[in-house]
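Sequences listed follow chains V and U, in order. At position 256 of the first sequence the residue is numbered 256 (the numbering used here), and the sequence of numbers has no breaks. At position 210 of the second sequence the residue is numbered 1210 (the numbering used here), and the sequence of numbers has no breaks.
Number of protein chains: 2
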Amino acid sequence: MARSPQKRSTAPSGNAITADLVAVLVAVTDGTPKIMTIAGGSALPSGPFEFSHRSLQTALRAWVEAQTGHPLGYVEQLYTFADRGRSGDAGTPHSVSISYLGLTREDQVGAGFEAHWSGWYGYFPWEDHRAGVPPFLAKVITPKLKAWAKSAPPPALQRERWQRCAINFGLDDRAWNEELVLQRYELLYESGLIPETGREHGRDTAIVPGKPMTADHRRILATGIARLRAKIKYRPVVFELMPAEFTLLQLQRSVEALAGRLVHKQNFRRLIEQQELVEETGAMAADTVGRPAKLFRFRHAVLAERAVAGTKLPLTRT
Amino acid sequence: MARSPQKRSTAPSGNAITADLVAVLVAVTDGTPKIMTIAGGSALPSGPFEFSHRSLQTALRAWVEAQTGHPLGYVEQLYTFADRGRSGDAGTPHSVSISYLGLTREDQVGAGFEAHWSGWYGYFPWEDHRAGVPPFLAKVITPKLKAWAKSAPPPALQRERWQRCAINFGLDDRAWNEELVLQRYELLYESGLIPETGREHGRDTAIVPGKPMTADHRRILATGIARLRAKIKYRPVVFELMPAEFTLLQLQRSVEALAGRLVHKQNFRRLIEQQELVEETGAMAADTVGRPAKLFRFRHAVLAERAVAGTKLPLTRT
DNA sequence: CCATTTATACTCTCCTTGAGCATAAGATGG
DNA sequence: CCATCTTATGCTCAAGGAGAGTATAAATGG
């Protein structure tokens, strides 16, 4: 029922719950996107939200910094979802999980912690199209998806299912859309091709390659990857993942690592330069193969200069 | 500390909290974007999350439908934030507020409820640029912002503040960016120009026009408007706000109402038609001034046909 | 009939973007 | 030193998209 917040009841009542933070912490090292994991790579780092902090964001930062010993560059909230009695029985308290995306550089993880970095394509092998379409996509996934679509009784549903598969996986001459990470994951999950740990049927009946994760952590990771893949296109967040100085090729490789696909080198450079995102340091890259490249640094000023936000309406030039 | 979710402690421990849902429900009627409000327009509808629902989303839908008696078209999570002791004293339970954006059509609100629809520009008069830049922006807001920028002691901070003002409000020959709703609100708040209800100093010392709201509800509304303004550009969500049949001008007026600025009529039509978003119903609009317009309806098939997601990387055509 | 209002069809031009060509500058092996 | 390989970097081209503007059509109310 609608009511004014001032009339909020002060009794905790029956719906007292707990709040957890779950973090998708991303780093890119040598062209490999990595995420911080715990429990041998089977879970994302998570912990209870402490109300001693001013906000959820500061709580996450403090908690991550305590874990890894170095500050988080960019932080963004991903999604909040409710878990009803994850442990199964009704007596356990409900909880709300608030997930975050954080960008850093791979660094020493504080000794004594079980956390470490894992390549994210280990969890989503079908998402890496840098070396072309992964072979098992056509060999394994596509036939299984086709079978799943056909298994629906009504022909209308069959077509609908296949159209969904085709859009999400770039089949039937459609283009691959690297941003549909979550949709693809959900499609594979729904069609029973990737049993997650703790799921009923699944006792390592992995039909499709890809490391599973606890509970819905792999879904959260998919959400994070999708968000990041979309974000790098209109916000200069890649630089949060780069060292202080880098070559344009290194920058390009990082973008390609995140996007899971290759970009046109000359056009990439044109894009970066015309947006004045970087400036030369004056130095050249050492110990490289081929012609030495100039070193660049990110122009932090652009963050203040511009408010990058996309537009696609037929607006009027002012 | 990092730990596996399986090891979750089952005791509620000291950090038991409550979860609330807050909704930004949007409708557009006669070129006016409206939001559902309660308490005489001073608050957004909100209520406790009931764990009897499968998910947060279904909880929101059920709750809204109980309120208004008609289903929600499009629902999207906005943001989750923590309130520490909103009521002030430390003894009150903490809570987490999960906010949602929902799109509907203005309809009869169930009798007996205090909810009703309020125009959203009543809360953000500076956001409506359809009839040109609002006069008080140049007359009142700009000078006050300039004064605020100058009030910073270090010259560097002065420049930084002014640059932020200029970017967000389109000053110094910059273009107005309609998506920066939240940034503008926060800037005005930070500079003390819009005291919110319940704030220390503020006893109706409204410096800038605009109706205030309880707690941080106006900030949530700003988040919702910003999200919607961004979304209409790459997802066909406007149609959730339209009647079943409409003319292209009506559609355009709705977009303009949301964006707070005018679009080029011919180009708008070209955009809509080349994307095949609509189809003719065969009928013509009745009782209109001027030449009668064709009536159109939304092609729901496009939702299945396409996965609309923006791209801006120098990728390779396939 | 005329002014007014809205609908609808084209055209034009600039800019963006995907793509390719050509050249430069280093290393390495003969 | 030269051929070759590899990466860096500069430049051009063509198609498509997006911002404007022009022109015409179809209704209404004097």
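Backbone N, C-alpha and C fix where the C-beta goes; we use that ideal spot for every residue, glycine too.
| Query | Result |
| --- | --- |
| Where residue 297/V sits in the DSSP three-state scheme | strand |
| Residue 262/V to residue 62/V span [Cα, whole Å] | 36 Å |
| The segment 1222 to 1238 of chain U touching the segment 1176 to 1186 of chain U, judged by at least three CB pairs closer than 8 Å | yes |
| Residue 1045/U and residue 1077/U closer than 8 Å at C-beta | no |
| Residue 1148/U - DSSP class collapsed to helix/strand/coil | helix |
| Host beta strand (DSSP E) of residue 25/V (start-end) | 18 to 29 |
| The segment 1019 to 1026 of chain U touching the segment 1096 to 1105 of chain U, judged by at least three CB pairs closer than 8 Å | yes |
| Cβ-based burial, residue 1047/U [other Cβ within 10 Å; buried from 16] | buried |
| Counterpart residues of residue 34/V in DSSP-defined beta bridges | 27/V, 119/V |
| Residue interval of the beta strand (DSSP E) (run including residue 234/V) | Run containing residue 234/V: none; DSSP gives neither H nor E here. |
| Chain-ordered residues of the segment 23 to 35 of chain V with a beta carbon less than 7 Å from chain U | none |
| For residue 87/V, the three-state DSSP class (helix, strand or coil) | Bear in mind that a pLDDT of 45 at residue 87/V, under 50, signals an unreliable position, so the model cannot answer this. |
| C-beta contact flag for residue 129/V and residue 17/V at 8 Å | no |
| Test: residue 167/V CB closer than 8 Å to a CB of chain U | yes |
| Chain V contact residues for residue 1077/U, given Cβ-Cβ distances below 7 Å | 79, 80 |
| For residue 1140/U, three-class secondary structure by DSSP | helix |
| Limits of the beta strand (DSSP E) - the one that residue 1048/U falls within | 1046 to 1048 |
| Coarse secondary structure for residue 268/V, derived from DSSP in three states | helix |
| Proximity test, Cβ basis, 8 Å: residue 307/V and chain U | yes |
| Cβ pair count under 8 Å reaching 3, the segment 1239 to 1246 of chain U against the segment 1148 to 1156 of chain U | no |
| Boundaries of the beta strand (DSSP E) in which residue 103/V is found, first to last residue | 95 to 103 |
| Residues sharing a beta bridge with residue 1077/U, DSSP | 1100/U |
| C-beta neighbour in chain V for residue 1180/U, strict 8 Å | yes |
| Minimum C-alpha distance to residue 1299/U - residue among 1245/U, 1176/U, 1157/U | 1245/U |
| Residue 1043/U - partner residues in DSSP beta bridges | 1038/U |
| Proximity test, Cβ basis, 8 Å: residue 283/V and chain U | no |
| Three-state secondary structure assigned by DSSP to residue 1210/U | coil |
| is_contact[residue 62/V, chain U] using C-beta, thresh 8 Å | no |
| Chain U contact for residue 49/V (CB, 8 Å cutoff) | yes |
| Any chain V beta carbon closer than 8 Å to residue 1096/U | yes |
| Own chain residues within Cβ distance below 8 Å of residue 277/V, not counting five before or after | 236, 239, 298, 299, 302 |
| C-beta neighbour in chain V for residue 1250/U, strict 8 Å | no |
| Residue 88/V to residue 185/V span [Cα, whole Å] | Its pLDDT being 46, under 50, residue 88/V is placed unreliably in this model, and the value from its coordinates should be taken loosely. So the alpha carbons of these two residues sit roughly 24 Å apart. |
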